[in-house]
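Engineer:
In our numbering, the protein residues as written are 524 to 620.
1. Would the stretch 602 to 611 and the stretch 565 to 575 be scored as touching if the rule is three or more Cβ pairs under 8 Å?
2. Can you give me the Cβ contacts of residue 618 inside the same chain, cut-off strictly under 6 Å, excluding the 5 residues immediately before and after it?
3. To the nearest whole angstrom, what separates the beta carbons of residue 563 and residue 550, a pair I think is in contact under 8 Å?
4. Identify which residue in 608, 532 and 595 has its Cα closest to the Cα of residue 576.
5. Only counting runs of 3 or more residues, tell me where the beta strand (DSSP E) segments fall wholly within the stretch 525 to 607, in order along the chain.
6. For residue 561, count neighbouring C-beta atoms within 10 Å of its own C-beta (all shown protein chains included) and say buried if the count is 16 or more, exposed if not.
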């Protein structure tokens with residue numbers, strides 16, 4: 524995934540691609556404890572609880588901790604450690620703890 528950082532979202536149970544460098548986001552360069560700024564707000568239409576819905580995942584990633592904002596449509600809120608990528612999504616480049 525050139526030009527993006529792959530982040531497994533435990534709230535959405537799917538991969539989010541976080542673009543860098545540029546495009547308005549900063550990245551600290553640390554693959555073990557990544558920090559991006561500002562926050563990411565991903566919006567799309569998809570199934571949620573079996574029903575087509577407008578979905579939102581809004582989070583800040585700081586020092587390897589996902590902070591989910593209250594406008595996310597999934598149930599996770601607050602701070603959650605960034606989980607490793609599932610094995611079928613890892614390209615071997617990313618360092619996982």
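Yeah, the Cβ is synthetic: ideal placement off N, Cα and C, and Gly gets one too.
Structural biologist: In brief:
1. no
2. Counted from its first residue, the chain shown places residue 618 at position 95. Bear in mind that a pLDDT of 43 at residue 618, under 50, signals an unreliable position, so the model cannot answer this.
3. Stepping through the chain shown from its first residue, residue 563 is reached at position 40. Stepping through the chain shown from its first residue, residue 550 is reached at position 27. In fact, because the Cβ distance is near 12 Å, the residues do not count as touching under 8 Å.
4. Taking the chain shown and counting its residues from 1, one reaches residue 576 at position 53. Of the listed residues, the one whose Cα sits closest to residue 576 is 595.
5. 527 to 532, 537 to 542, 563 to 571, 574 to 585, 588 to 591 and 601 to 604
6. As a working note, residue 561 is residue 38 in the chain shown. Exposed, by the Cβ-count rule.
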